[in-house]
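Residue numbering for the sequence shown follows this note's numbering, beginning at 972 and increasing consecutively.
Idealized CB from N, CA, C, for every residue including glycine.
First the structure, in the form of structure tokens, and then the observations on it.
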Amino acid sequence: MPRIAIIGAGLIGRSWAIVFSRAGWEVALHDAAAAATDNALAMVADGLAELQQHGLVDDARNAARRVRIASSLADALEGACYVQENTPETLEAKRAIFAELDRLAAADAILASSTSTIVASLFTDKLKGRHRCLVAHPVNPPHLVPLVELVGAPWTATETIAKAKAFYEAVGQVPILVKREIEGFILNRLQAVLLSEAFRLVENGYVTPQDLDKTLKDGLGLRWSFMGPFETIELNAPGGIPDYCHRYGPSLSRLSAADPAIYSGESLGQILKQWGKPLPPDRIATRMRWRDRRLAALRSHIRSQSAD
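As structure tokens, this is what we get:
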């Protein structure tokens, strides 16, 4: 049975324990603060039981039995082929724990950090095994929101990234590759821009906080629950993404203070090259019907749930 070590038994660490145990992994959970593990097993068991109620895990009790509290860091790392670190979000803490992980973990174990903003090159540069280190940034809580951002340092081995991607896919997560280091990675940078604009709109008296939230949860958020921004705009103009950018690029750049050039010319060409062949009009129409069916199903689900 494969084994994983989870270092840090806070909210994210416990959620990772749920992810890996439900996938069949043996999990050793350790925290330097002993009090952090006092109720950890019970909380993991509760989370697994709730997932079973929704049909998202087959046998919550057996999954919970796969999680144990490790008495020390060395105990947690014994036999582990993958390590998920969840210690405090400071550079000093990351440097200290990764020095210990690199010293104690098996030479072929992958060392992944759940850090939200700190790039791996800042805390792995002096490590002997720096080639096996990366950031694997989850979304809270990872057992319910499956995205994981994989970000290597310049010296992270290609094989490490490939193994990490396969690993997270195997346990039911959705890994994405951040092609080079950037502070905050992808999700938090997108979130930061939207949140900053939300604060400005409310502060300047354009909308209440409550109506701002409705704009997201009853507007953009419905589409964004199953489509990203590129697929969204592809289906919002008859000619797909190029047509959308031609129609709305100038107004979007004014609203966001962005350079209008991002919506045309070489910049747009780079996006389209990576996006792939544009959909013909009949495929766009078919995809729009798919979108509408998904939205109808989502609306029906929301209506069936209690507001509390």
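{"query": "What's the gap between the Cα of residue 1121 and the Cα of residue 1059?", "result": "19 Å"}
{"query": "Could you give the distance in angstroms between the alpha-carbon of residue 917 and the alpha-carbon of residue 1070?", "result": "Residue 917 lies beyond the range of the chain shown here (972 to 1279); nothing can be said about it."}
{"query": "Determine the DSSP secondary structure at residue 1177, reduced to helix, strand or coil.", "result": "coil"}
{"query": "Taking DSSP as the reference, what is the three-state secondary structure of residue 1109?", "result": "strand"}
{"query": "Check residue 1258 in the structure and name its three-state DSSP category.", "result": "helix"}
{"query": "Use the C-beta contact count for residue 1171: other C-beta atoms within 10 angstroms, 16 or more gives buried, fewer gives exposed.", "result": "exposed"}
{"query": "Just to confirm the assignment, what range does the beta strand (DSSP E) spanning residue 1055 have?", "result": "1053 to 1056"}
{"query": "Give me the Cα-Cα distance between residue 980 and residue 1055, rounded to the nearest whole angstrom.", "result": "11 Å"}
{"query": "From the DSSP secondary-structure annotation, give me the bridge partner or partners of residue 1084.", "result": "1056, 1106"}
{"query": "When the Cα atoms are used, what is the spatial distance from residue 1218 to residue 1099?", "result": "53 Å"}
{"query": "For residue 1103, which option in 1243, 1199, 1126 has the closest C-alpha, if you only look at C-alpha atoms?", "result": "1126"}
{"query": "To the nearest angstrom, report how far apart residue 1035 and residue 988 are at their CA atoms.", "result": "9 Å"}
{"query": "How many angstroms separate the CA atom of residue 1096 from the CA atom of residue 1173?", "result": "42 Å"}
{"query": "For residue 1197, count the other beta carbons within 10 Å of its own beta carbon; 16 or more makes it buried, fewer makes it exposed. Which is it?", "result": "exposed"}
{"query": "Indicate whether residue 1081 and residue 1131 have their beta-carbon atoms separated by less than 7 Å.", "result": "yes"}
{"query": "Flag this pair as touching only if the stretch 1181 to 1195 and the stretch 1146 to 1164 have three or more C-beta atom pairs under 8 Å; answer yes or no.", "result": "no"}
{"query": "Where DSSP assigns a beta bridge to residue 1220, which residues make up the other side?", "result": "Looking at the DSSP assignment, residue 1220 forms no beta bridge with any residue, so it has no partner."}
{"query": "On a CA-only basis, which of 1194, 984, 1201, 1077 is nearest residue 1266? Give me that one, please.", "result": "1194"}
{"query": "Given residue 1164, which residues of its chain have a CB within under 7 Å of its CB, disregarding the five upstream and five downstream residues?", "result": "none"}
{"query": "Quick one: grab the DSSP three-state call for residue 997.", "result": "strand"}
{"query": "Whose CA, out of 1145, 1251, 1243, 1154, lies closest to the CA of residue 1087?", "result": "1154"}
{"query": "According to the neighbour-count rule (16 or more other Cβ atoms, all chains shown, within 10 Å of its Cβ), is residue 1001 buried or exposed?", "result": "buried"}
{"query": "Just reading off the beta strand (DSSP E) that residue 1123 is part of, what are its end residues?", "result": "1118 to 1123"}
{"query": "Just to confirm, are residue 1142 and residue 990 a CB contact at a threshold of 7 Å?", "result": "yes"}
{"query": "Locate the alpha helix (DSSP H) running through residue 1090, then write down its first and last residues.", "result": "Run containing residue 1090: none; DSSP gives neither H nor E here."}
{"query": "By the DSSP assignment, the alpha helix (DSSP H) with residue 1132 in it spans what residues?", "result": "1129 to 1141"}
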